[in-house]
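Numbering (my numbering), first residue to last: 9 to 765.
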């Protein structure tokens, strides 16, 4: 038989192996956690990084076109397979931009040519905003002809192999003349239209023309349908204004409500009513010293923004903002192209525009983000004209008779650090602001991607939750660990810890559908509970101290807290019972109206108070459990020694126990804060999810986590919205990392300071 020494040796060896395996397991688990965090970190960076890339323009190929006249406009269909051109002679033509073997087309081949307007009658040319893709020839007899390129896409079968169909995309272009190929009479007197501007809302049309250099003609065509035949006819309303100065450029808005006339360094704005009546609404004075001589006018998508090009190469942006005198056009921002601009193109839907200078440089700007995305010379320095396809993936540039097709990569122009974290002046807003509004029902919508309101909402929600949870959680932890009798502690501690297992979606559901209406209906009572409960507890404690010692001894110091349960219930019942009386006596029966009308405080049913109570309830178990363990784990010889030296229990608690347990208590608070910052379902269900910046406790907010949960399912994969939501997740990651790092640093300092006790 083995000796006792040998058995002990084997036991020690087994224990050593187990210790080593445990050490390896714990180390491996810690390393894997760090690896997981790093993978999350780098994946978020991987998704977010593309939104900060600048635009790139790369040539695909060049080809020549046989044109005997000046190009008035270029265009492309959305696949960038076919381009079109309008010439000064009245001829329109389609040509291939890419090879298509199925259609037997090579790059540069003319697909169709057509004489759109009789030669010799053209005096002006205009186009609608890119979204409509309509072009207008102004004639010498006061008439205008509207032409629109159309594309029919089919997918004919080319072959069948083993039961599998092979199809090819075939795009067939054509020119279509609107109004049943009849010209529209813009000038009743039949004068030549020297300048022309055009817009349509899909039914009616608005044309502005210049004749005689200083005479402005405004003609609105109202669509009227014959109920018997179903035919639609256009009824014109003619207006004329003489400005006594040369008109440099004109523009009309697609809502057919405004006409802009550029005269030297002034823009005269005319309001056009639904009936076609014209009135001068305001005059925009341009600062010639600041910008230089104005050249031309351009409208951005939605027509809320007017871009003015200047001879100095500056492009100034103006739009209407509400003021005390009504809506007025104001200067917003400017962009510098570096030289005189010979052509400017805007995208169909985004606030991106492209400017070519006289030295052949291409500039790409975005108005909302104030971004200078690209500033490089094109291969042909004598480029005179450019156009962008509807998807903004290709750019076509003309230099002489040579056309060059470029691949355009500009996926996220609306995203810049300044747009995300600084105030931005959005169209129609009275002043710059922090705004999050990612979507709208309109194609003309200007995205607003400021992360400041939702970051603010995250901090606001966490702050109010901590104001509710920290006093209750820490006080309960200290009392349970230090004063409560062991028998009661065995019941209280597990009960509170079980609360942490309650799903937050249940808490959010109760907060939104049960607690919020109660707070709205009994607001004085809720506020009374918050104020009177701690006061009643303090009053009971003072009364307890003056009770005879035999009564206190009979109940026991550790069980005295049980008396507080009926006391708290009574205070709550009394507060809610008195709430209607207090509301009727002090607030004329309407606290909400009093807050709004008398104090100017907005009250929302689902507000920060609801979130603070509900989320505080969810955070309390975390703070309580960690803090209680920290206080309870303080060595007994420290507190016993303090008591033996004559210190009171309270002095021992404040001078010895709390100082020794301070690292754990601080960790409990920071763990609770981390839980509050990352909470999703409670703030999602218990607030109005409005991304506003206001510390008002009676208003809601939107947090980073709730914003991700709400909008991620609706975002398009790979879009700016999608990637910014990942950026919001990255910001939330940084928030929690920052708080945890600070917590660990402070905790370590506290441990080093009080470990010698």
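For each residue, glycine too, the CB sits at the ideal point set by N, CA and C.
- Following the DSSP letters along the chain, one finds residue 690 in no beta strand (DSSP E) but inside the alpha helix (DSSP H) bounded by residues 689-694.
- With a 10 Å radius around the Cβ and a threshold of 16 neighbouring Cβ atoms, residue 240 comes out exposed.
- For residue 685, the uninterrupted alpha helix (DSSP H) run begins and ends at 666-686, by DSSP.
- Closest in alpha carbon position to residue 701, among 536, 441, 586, 80, is 441.
- Inter-residue distance for residue 677 and residue 694 is about 23 Å (C-alpha atoms, whole angstroms).
- Each residue's CA atom was taken as its position, placing residue 585 and residue 444 some 42 Å apart.
- As DSSP reads the structure, residue 154 sits in a beta bridge with 144.
- When 267, 418, 70 are compared, the shortest CA-CA separation from residue 290 is found for 267.
- Runs of alpha helix (DSSP H) with 4 or more residues, each lying fully within the region 429-487, are found at 460-486, listed in chain order.
- In this structure, residue 368 sits near residue 385, with a CB-CB distance shorter than 7 Å.
- Rounded to the nearest whole angstrom, the CA to CA distance from residue 230 to residue 87 is 34 Å.
- Comparing alpha carbon positions, the residue from 482, 534, 336, 457 closest to residue 288 is 336.
- The beta carbon of residue 682 lies closer than 7 Å to those of 744, 747, 748 in the same chain, with the five residues before and after it left out.
- Beta-bridge partners of residue 66 (DSSP): 415.
- When secondary structure is reduced to three states using DSSP, residue 122 falls in the strand class.
- For residue 208, the enclosing beta strand (DSSP E) stretches over residues 203-208.
- If one requires a minimum length of 4 residues, the alpha helix (DSSP H) runs lying completely within the region 597-675 are 599-605, 616-640, 644-652, 657-660, in chain order.
- The alpha-carbon separation between residue 254 and residue 392 amounts to approximately 25 Å.
- The beta carbon of residue 548 sits closer than 8 Å to those of 571, 572, 575, all from its chain and outside the five residues before and after it, given in chain order.
- Membership of residue 588 in the alpha helix (DSSP H) is indicated by the continuous run 572-594.
- In chain order, 462, 736 place their CB closer than 7 Å to the CB of residue 715, counting only its own chain and leaving out the 5 sequence neighbours on each side.
- Going by DSSP, residue 507 is part of the alpha helix (DSSP H) stretching over 494-507.
- Within 10 angstroms of the beta-carbon of residue 227 lie 16 or more other beta-carbons, which makes it buried.
- With contact defined as three or more Cβ pairs closer than 8 Å, the region 322-331 and the region 431-438 are in contact.
- Leaving aside the five residues that flank residue 532 on each side, the residues in its chain whose CB is nearer than 7 Å to its CB run, in chain order, 587, 590, 591, 599.
- Restricting attention to alpha helix (DSSP H) runs no shorter than 4 residues, the region 275-311 encloses them at 296-299, ordered along the chain.
- Annotation for residue 552: the continuous alpha helix (DSSP H) segment containing it runs 531-554.
- The alpha carbon of residue 324 has as its nearest neighbour, out of 535, 310, 293, the alpha carbon of 293.
- In this structure, the straight-line span from the alpha carbon of residue 232 to that of residue 286 is close to 20 Å.
- Taking each of 753, 502, 153, 298 in turn and checking the Cα distance to residue 186, the smallest one comes out for 153.
- Nearest neighbour of residue 272 by Cα position, chosen from 256, 213, 279, 689, turns out to be 256.
- Rounded to whole angstroms, the separation of the alpha carbons of residue 62 and residue 756 is 44 Å.
- The continuous stretches of alpha helix (DSSP H) do not include residue 355, and DSSP gives it neither H nor E.
- Contact between the region 600-614 and the region 473-481 is absent, with fewer than three C-beta pairs closer than 8 Å.
- The residue among 59, 530, 21 with its C-alpha nearest the C-alpha of residue 423 is 59.
- Inter-residue distance for residue 22 and residue 41 is about 28 Å (C-alpha atoms, whole angstroms).
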